[in-house]
Amino acid sequence: MSLFGTIENSTWEVIVTDFRLPKAITAILVGSGLGISGLLMQTLFRNPLAGPFVLGISSGASLGVALVILGSGLFGGLFATALATKWSIVIAASLGSFLVLLAVLSVSNRVRDTMAILIIGLMFGSITAAVVSVLSYFSSAEQLQQYIFWGFGSLSNLSWSELIIFAGIYLAGLVLSILSIKGLNSLLLGDNYAKSLGLNLKQNRFIIIIATSLIAGTITAFAGPIAFIGLAIPHLTRQIFTTSNHKILLPAVCLFGAIVMLICDSIAQIPGSDYVLPINAITALVGAPVVIWLLVRQRKMIF
Amino acid sequence: MNENKSNSILKAKNLSIGYKTRKKEIVVSHNINFDLQQGQLIGLVGANGIGKSTLLRTLIKVQPNLSGSIFLNNRDLKETSTIELAKQLSIVLTESLASKNLSVYELVALGRHPYTNWIGNLSTEDTQKVDEAIGLVNISDLKEKKCFELSDGQLQKVMIARALAQDTDIIVLDEPTTHLDMYHKAYILKLLQRLTKETGKTILFSSHEIDLAIQLCDTMLVMTTKNIVCDEPCNLIEDGVFNSLFPKDMIAFDTKTGSFKISQ
Numbered sequence: 143m144s145l146f147g148t149i150e151n152s153t154w155e156v157i158v159t160d161f162r163l164p165k166a167i168t169a170i171l172v173g174s175g176l177g178i179s180g181l182l183m184q185t186l187f188r189n190p191l192a193g194p195f196v197l198g199i200s201s202g203a204s205l206g207v208a209l210v211i212l213g214s215g216l217f218g219g220l221f222a223t224a225l226a227t228k229w230s231i232v233i234a235a236s237l238g239s240f241l242v243l244l245a246v247l248s249v250s251n252r253v254r255d256t257m258a259i260l261i262i263g264l265m266f267g268s269i270t271a272a273v274v275s276v277l278s279y280f281s282s283a284e285q286l287q288q289y290i291f292w293g294f295g296s297l298s299n300l301s302w303s304e305l306i307i308f309a310g311i312y313l314a315g316l317v318l319s320i321l322s323i324k325g326l327n328s329l330l331l332g333d334n335y336a337k338s339l340g341l342n343l344k345q346n347r348f349i350i351i352i353a354t355s356l357i358a359g360t361i362t363a364f365a366g367p368i369a370f371i372g373l374a375i376p377h378l379t380r381q382i383f384t385t386s387n388h389k390i391l392l393p394a395v396c397l398f399g400a401i402v403m404l405i406c407d408s409i410a411q412i413p414g415s416d417y418v419l420p421i422n423a424i425t426a427l428v429g430a431p432v433v434i435w436l437l438v439r440q441r442k443m444i445f
Numbered sequence: 016m017n018e019n020k021s022n023s024i025l026k027a028k029n030l031s032i033g034y035k036t037r038k039k040e041i042v043v044s045h046n047i048n049f050d051l052q053q054g055q056l057i058g059l060v061g062a063n064g065i066g067k068s069t070l071l072r073t074l075i076k077v078q079p080n081l082s083g084s085i086f087l088n089n090r091d092l093k094e095t096s097t098i099e100l101a102k103q104l105s106i107v108l109t110e111s112l113a114s115k116n117l118s119v120y121e122l123v124a125l126g127r128h129p130y131t132n133w134i135g136n137l138s139t140e141d142t143q144k145v146d147e148a149i150g151l152v153n154i155s156d157l158k159e160k161k162c163f164e165l166s167d168g169q170l171q172k173v174m175i176a177r178a179l180a181q182d183t184d185i186i187v188l189d190e191p192t193t194h195l196d197m198y199h200k201a202y203i204l205k206l207l208q209r210l211t212k213e214t215g216k217t218i219l220f221s222s223h224e225i226d227l228a229i230q231l232c233d234t235m236l237v238m239t240t241k242n243i244v245c246d247e248p249c250n251l252i253e254d255g256v257f258n259s260l261f262p263k264d265m266i267a268f269d270t271k272t273g274s275f276k277i278s279q
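Given below as C-alpha cells:
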C-alpha cells in the first residue's frame, strides 16, 4: 500500500482491497462485456432490439438457478442447504446457459436465415420461462425470495480467485470479438454482400455467437441476469459517435459500458447509507431516460 | 459459339437453374448456354418471373445450380473459393443495406475487404483504388455524407463505386435501374457503358429498360419461356427475338424505333 501511503486502519484496508476493488473490477468487466455482446448480437441479427441474451443465455441461466433454488424443495429437504450455495448457483447458471445455447445452436445450424435464429432463441427463452413458472408455483416463499434476489443481479461478493476465472473467460470472448471486427463491418451490408466480399458466413456467425456466449454467459453466472446494459450501451455509443464502424464502436462500447456500470454501482451503493439497491433496477432507472433523451434529441435512430 | 478462350469471362454450359426442396426440384429455366466476352456491357432482359434474378443469383453463387456448369475466367465456379470469387466478381443487388449509417467513403472502402488484413485496415494501394472508384462514378462531393442522406440514384452510384473498388473482372448488377426516374435510369446505364470502356471490366446487368439496353449494350441476353438467346442487339432485332418476349395482346415490338408500342 506504499502507493497510497500507509493505511492505519486495517479494517479499511480489508474493505478496499477485498470488497470495493473486486466489486469495481466486476463492474468494469460486466459493463464492458454486456456492451460488447449486445453490439455483436445487434449487428449479427441486424436488429436494434437484440441484446446479449437473445440466444437464450439468460433464460438458460435462470432455468439452471431456478432448478437449484426452487427445485431443491422438490429434490427433498436434505439437499436444500447443500444445493443452494454460491458455487452451485454459478455452476447451475453456466450449465443452464450452455445447454440452452447448445440447443439453439444445433437447431439454428439447420436454418440458413439468420433471422430464424433470433426467433428460435426467443422460443427457447419462452420454454425456459414456462418451466421456471411451474417451478415457482410449487415452491415456498423463502425459495422464491432467494430466486428473485438472484434475478436482481449483484456485482459484489466476488473473491479474487473467482474474479480471475471470470476475467479469463471474458478475455477469451474479447479476443474472439476483436477477431470478428472485419466480418462485422461487412455484415453491415447484409448477408449476400458480405459473402460476395469473401466472408465465410457460417464460420463468422459461429465465432460471433461463441464470443457472445462466453462473455454474456460468465457475466450471468457470476453477476446474475443484468438486462438493460447490453441493449442500451450500443445504442448510446452509436448516437454519440455517429458511426457504425466496429473498429471504433467496439472499443467505445467497451469504455462506455464500464463507465456506465461504475456510475450505476456508485448510485446503487447509496453514499452515506448501509443500503445497496439491486443493480438491475438502477441500470434501467438511470439508463433508460438517457437513451430516450438521446433518441429524442437526435430525432433519428442511428443503426 | 466458337469461343476464343482468352476472351471468355463468364460461360454457362447446359445450365439448369431453379430451386431444390426436399421433395422435388422446381426448374425455372434449363438448357442455358452462353459465352460472355471480356470488356463488354451485357444486358439481361426478360418478362417478370421468367427467372432473371434466379439466373443472376446462380451466376454469383448465392444459389446452387441444378445441373450443368458455369465457368468464370475459364474455371468452374464450383471450384472457386469464396475469397477467390470475391476478387473476380463483385455484385450490386436490389436488397437494401442492413445499415445505412456508414459514410459513403466507408461503404466504398468495404469493397476492399478481400484484399485487406485481418482487421480491415486500408493500405496505400487500397485507398488509391477507393479514390479511383469514387472518381470514376463522380461522387467525390458525396464522400463524407451518410448513406441515409442519399437519394436512390446517388445510393446506386455509391454501390457501383463499391463494386468498382472491389477491383474484379466482372460486375453483376441485379436491376440497377429500379426505383429511378427516366433520367437516372439512362444515367446509370450510360455510366455502366462508360465504365466498361474506361476500365475494360465486363458488366452484366438485368433490367426492364429494354429500349435503353438495346441502345447501349454490346451483347444482350434475352430470356423467354423457351430459351435464352445471347447476341448483339441489332441481330436480335433482325431475328425478331424481342417479339417473343411478352404475350402479344398488349404490346408489340417496333423494329424501326427499337422500342415497344401499345398494340391497337
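As they're listed, the protein sequences go chains A and B. Note that the working numbering numbers the first sequence so that position 159 is 301, with each residue one more than the last. Note that the working numbering numbers the second sequence so that position 108 is 123, with each residue one more than the last. The beta carbon of each residue, even a glycine, is placed where N, CA and C say it ideally should be.
Each residue's CA atom was taken as its position, placing residue 433 of chain A and residue 375 of chain A some 9 Å apart.
Taking 7 Å as the cut-off, the beta carbon of residue 296 of chain A is found no closer than this to the beta carbon of residue 199 of chain A. Closest by C-alpha distance to residue 134 of chain B, out of A:322, A:407, A:283, A:370, is A:322. Residue 23 of chain B is bridged by DSSP to B:52. Taking a 10 Å sphere around the C-beta of residue 119 of chain B, we find 16 or more other C-beta atoms and assign the residue as buried.
Per DSSP, the continuous beta strand (DSSP E) segment holding residue 276 of chain B begins and ends at 274-277.
When DSSP assignments are scanned along the region 208-261 of chain B, the uninterrupted stretches of alpha helix (DSSP H) that are 4 or more residues long and fall wholly within it turn out to be 225-231, 248-253.
Within chain B, no C-beta atom comes nearer than 8 Å to that of residue 198 of chain A; the closest sits roughly 23 Å away. DSSP, read as helix, strand or coil, puts residue 269 of chain B in strand. In the three-state DSSP reduction, residue 40 of chain B falls in the strand class (E or B). Residues are counted here when their Cβ sits less than 8 Å from a Cβ of chain B; for the region 334-356 of chain A these are 334, 335, 337, 338, 339, 340, 341, 342, given in chain order.
Secondary structure note for residue 436 of chain A: its alpha helix (DSSP H) is the uninterrupted segment 421-440.
The Cβ of residue 445 of chain A sits closer than 7 Å to at least one Cβ of chain B. Look at residue 412 of chain A here: in three-state DSSP terms it is coil, with no helix or strand label. Assignment of beta strand (DSSP E) within the region 154-195 of chain B, counting only whole runs of 3 or more residues, yields 185-188 in chain order. Residue range 104-107 is occupied by the beta strand (DSSP E) that includes residue 107 of chain B. In the three-state scheme derived from DSSP, where H, G and I count as helix and E and B as strand, residue 61 of chain B is classed as strand. In the three-state reduction of the DSSP assignment, residue 228 of chain A falls in the helix class, which pools H, G and I. The alpha-carbon of residue 178 of chain A is positioned some 8 Å away from that of residue 319 of chain A.
For residue 184 of chain B against residue 56 of chain B, the beta-carbon gap comes to about 14 Å, at or over 8 Å, which does not count as contact. Close CB contacts of residue 65 of chain B within its chain, under the 6 Å cut and outside five residues either way in sequence, are with 238 (chain order). In this chain, residue 291 of chain A is not harboured by any beta strand (DSSP E); it is covered by the alpha helix (DSSP H) spanning 283-294. Per DSSP, the beta-bridge partners of residue 34 of chain B are B:41. With fewer than 16 neighbouring CB atoms inside 10 Å of its own CB, residue 439 of chain A falls in the exposed class.
Between the beta-carbon of residue 372 of chain A and that of residue 194 of chain A there is about 4 Å, and that keeps the pair under the 8 Å contact cut. The C-beta of residue 188 of chain A comes closer than 7 Å to at least one C-beta of chain B.
By a beta-carbon distance limit of 8 Å, residue 137 of chain B contacts residue 124 of chain B. Their separation comes to about 6 Å. At a cut-off of 7 Å, the C-beta of residue 328 of chain A has a neighbouring C-beta in chain B.
By the criterion of a C-beta distance shorter than 8 Å, residue 175 of chain B is surrounded in its chain by 107, 152, 186, 188, 191, 203, 206, 207, 210, once the five residues flanking it on both sides are discounted. Its chain contains 181, 376, 379, 380, 383, 385 as the residues whose beta carbon lies nearer than 8 Å to that of residue 391 of chain A, once the 5 sequence neighbours on both sides are disregarded; these appear in chain order. Between residue 399 of chain A and residue 176 of chain A, the CB-CB gap stays under 7 Å. By the C-beta criterion, the region 25-39 of chain B is judged not to be in contact with the region 159-171 of chain B, since fewer than 3 inter-stretch pairs fall below 8 Å. In this model, residue 416 of chain A and residue 410 of chain A are separated by some 11 Å (Cα to Cα). The contact set of residue 88 of chain B on chain A, defined by CB atoms closer than 9 Å, is empty, because the minimum CB distance reaches about 16 Å. Look at residue 83 of chain B here: in three-state DSSP terms it is strand.
Distance between residue 112 of chain B and residue 153 of chain A, taken at the CA atoms: about 58 Å.
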